[in-house]
Amino acid sequence: MTSGLDITRHDGWAEIRIDREAKRNAMDRATRQAMLAAFEELRPSAKAIVITGTGMAFCAGMDLKEREQDRLAGIDGAGDEWVSVNIAIRKHPAIFIAAVNGVALGGGATLINVCDLAVASTQASIGCPEMGFATYPAMAGPAIQLSGITRKRAAWLVLTTNRIDGVTAERWGMVNECVEPDQLLPRAREIASHVAKFDKVALAESKKTLDRIPGLITDWQEAMDHGQSVNLTIRSKTTAQAEGNARFAAGIKNPGQGV
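Just so you know, we're using the numbering used here here: the sequence shown kicks off at 35 and counts up by one.
Structure follows, in structure tokens:
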């Protein structure tokens, strides 16, 4: 265990648990820095990374008490550090899976949306309290909108401070699944273990493309051409495609292949 985090390694994947239960897993400086260090440490080995919280909270966002103390002391940079953590997830080759066990506020909502996949407990409670501080949720707001939910739903979270539960988050498309609390970690671990069966290069290149289309590429022809170029890139970096095709031709199933 490192500062504010509990890291468990598995075969091809890892689990990071935010362990600041008394602070509802709010992200202080030490934990933010520990997260960045953990991502780099896991880069060579983890194809998938599960992020979850301790106790009744997933992540209550930034540690505002520490941030106010820093402000009074003339120290700034907490926001930039938290941006760096979230951008590191987007740029990391691993597939990140949020296991939303409870309260996810502000930065916690950001964390859900920057992860590639998400499973929520029925006890999840997701919201943006920033408007109560006369503040736009500078990271959670953009992350929510970039997640692909409709403007009206994004506005509900940004403008009202009202929270949504796990069932609503699944219905809105913010999470992939909503399960009972006792099934949350088993399901997230099952997904991580499944993803870890696939080729690392193929996962990383496909993750990049999920951001490019339609984020940067909206034309159909250009998108299709880009899809072909992604496979060219994968083949230039790994022999996994050729090996997979050979297995299929020999009647041997590849990971994820049905009956």
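Using N, Cα and C, we set each Cβ at its ideal position, and we do this for glycine too.
To which residues does DSSP link residue i through a beta bridge?
i	result
F130	I83
C212	A154
A68	Paired residue(s): none; A68 is not in a bridge.
A91	V137
Give the range of the beta strand (DSSP E) segment to which residue i is assigned.
i	result
I41	39-43
To which residues of the same chain is residue i closer than 6 Å at the C-beta, ignoring the five residues directly before and after it?
i	result
G303	In the structure displayed, the chain extends from 35 to 293; residue 303 sits before or after that span and is not available.
H260	I251
V235	I268, K271, T272
G87	I52, N59, C93, N135
V201	C212
E115	R66
A188	I178, Q179
Taking the alpha helix (DSSP H) that residue i belongs to, which residues open and close that run?
i	result
I52	Where I52 is concerned, there is no enclosing alpha helix (DSSP H), although the beta strand (DSSP E) it sits in stretches over 47-52.
N59	Element bounds for N59: n/a, residue is neither H nor E.
D104	98-106
A280	274-283
What I want to know is whether the C-beta of residue i ends up closer than 6 Å to one or more non-hydrogen atoms of the ligand ATP.
i	result
S240	Although the ligand ATP was asked about, the structure shown includes no ligands whatsoever.
Taking a contact to mean a Cβ-Cβ separation below 7 Å, would you say residue i touches residue j in this structure?
i	j	result
P175	V192	The sequence shown places Gly at residue 175, not Pro. Yes, they are a contact pair.
F130	I123	yes
A133	L76	no
W47	A280	no
I19	R101	Absent from the model: residue 19. The displayed extent of the chain is 35 to 293, so no value can be given.
M113	M61	Note that residue 113 is Gly in the sequence shown here, rather than Met. No, the Cβ-Cβ distance between G113 and M61 is not below 7 Å.
Return the chain-ordered list of same chain residues with a C-beta closer than 7 Å to the C-beta of residue i, the five sequence neighbours on each side being excluded.
i	result
I183	W206, G207, M208
G278	N288
Here's a check: name, in chain order, each residue in its chain whose Cβ is nearer than 8 Å to the Cβ of residue i, leaving out the five neighbours to either side.
i	result
T243	H260, G261, V264
S1	Because the chain in this structure spans residues 35 to 293, residue 1 falls outside the shown range and cannot be described.
Please specify which runs of the alpha helix (DSSP H), each continuous and at least 4 residues long, are wholly inside the stretch 202-265, giving them in chain order. 215-229, 234-249
*asked:* Give the list of continuous alpha helix (DSSP H) stretches no shorter than 4 residues that lie fully inside the stretch 133-201.
replied: 141-148, 174-180, 185-194
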